[in-house]
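Residue numbers (the working numbering): 116 to 339.
Every residue gets a Cβ at the ideal spot worked out from N, C-alpha and C, and that includes glycine.
Owing to the predicted nature of the structure, the values given are computational and were not obtained by experimental measurement.
Input: a single structure, listed below in structure tokens.
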């Protein structure tokens, strides 16, 4: 049976909605342990804007964690990015589409403007196409140009399925344990030189990887 355009649109809408509901239910079932959560809570409680960064491969729960707040998220212009964008919109995010190769400069400008005037920004610094766990400049540049702090986030799941994607995307199993670890807010001076900014980016990669390792270690030593 050949479907007309309207029927295809309806099926896409239903499929996207069911995916959103399934992911929401999955995330709701997870058991969470959070370390240094006070760092992010203090910013939220004081209505302070911030940039939050977490690796692309672990991003499923972090997106859910920050749902319902005034946060902008960036997704690629790919079909996968389209699914993520629709899910984020259901979670009340403001969404901008772009990547390092398509719409990246425009997306960066929108993020900086949003961070200056409206709300916080969430970024996967190795997205949307990798290399895996290579900290690109976006999160630091947004923090630098907008004058708001950057917070890094380590995320680990004890029971998960790893997809065969470039980021080895992790899907936690229902009711599994999740370990979250937040860095202290990182202030990025707008007066930093190119070399100094590059050094901050390198340091952020080290910090977020340390947080990631610590989050994974928690799951091996602590009952949540």
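Start and end residues, beta strand (DSSP E) containing residue i
i	result
residue 153	Per DSSP, residue 153 belongs to no beta strand (DSSP E); it is in the alpha helix (DSSP H), 152-160.
residue 66	Nothing can be reported for residue 66, as the shown portion of the chain is limited to 116 through 339.
Start and end residues, alpha helix (DSSP H) containing residue i
i	result
residue 175	175-180
residue 209	Counting along the chain, residue 209 falls outside any alpha helix (DSSP H), though it belongs to the beta strand (DSSP E) covering 209-212.
residue 204	194-205
Reference residue i, options the options, closest by Cα
i	options	result
residue 163	328, 236 and 329	236
residue 225	253, 327, 244 and 318	253
residue 143	172, 195 and 206	206
residue 323	249, 336, 228 and 288	249
residue 290	135, 134 and 141	141
residue 231	185, 199 and 195	185
residue 287	154, 133, 139 and 132	139
residue 233	280, 190, 281 and 165	165
residue 282	240, 264, 306 and 265	240
residue 190	152, 213 and 308	213
residue 244	192, 168, 147 and 275	192
residue 135	152, 182, 169 and 157	182
residue 187	158, 211, 168 and 201	211
residue 251	158, 325 and 314	314
residue 329	320, 308, 147 and 271	271
residue 202	221, 131 and 158	131
residue 333	273, 307 and 152	273
residue 247	199, 307, 280 and 220	280
Any chain C beta carbon closer than 8 Å to residue i
i	result
residue 334	The question asks about chain C, but that chain is absent: this structure has only one protein chain.
Inter-residue Cα distance where the pair is residue i and residue j
i	j	result
residue 150	residue 327	12 Å
residue 300	residue 255	12 Å
residue 335	residue 269	15 Å
residue 155	residue 266	8 Å
residue 215	residue 223	Because the pLDDT at residue 215 is just 49, under 50, the model does not fix this residue reliably, and the point stays unresolved.
residue 133	residue 305	43 Å
residue 194	residue 316	29 Å
residue 208	residue 228	16 Å
residue 263	residue 257	8 Å
residue 116	residue 197	Note that residue 116 scores 44 on pLDDT, short of 50, meaning its location in the model is unreliable; the coordinates nonetheless yield the value given after this. Approximately 26 Å between the Cα atoms of the pair.
residue 172	residue 284	4 Å
residue 259	residue 303	5 Å
residue 145	residue 312	37 Å
residue 170	residue 160	25 Å
residue 168	residue 319	10 Å
residue 331	residue 275	12 Å
residue 308	residue 158	27 Å
residue 199	residue 310	34 Å
residue 204	residue 321	31 Å
Pick out the complete beta strand (DSSP E) segments inside the segment 249-316, 3 residues or longer, and give them in chain order.
-> The segment 249-316 contains these whole beta strand (DSSP E) runs: 265-272, 275-277, 285-287 and 292-297.
Would you call the segment 171-182 and the segment 287-301 in contact, with 3 or more CB pairs under 8 Å?
-> Yes: at least three Cβ pairs fall under 8 Å.
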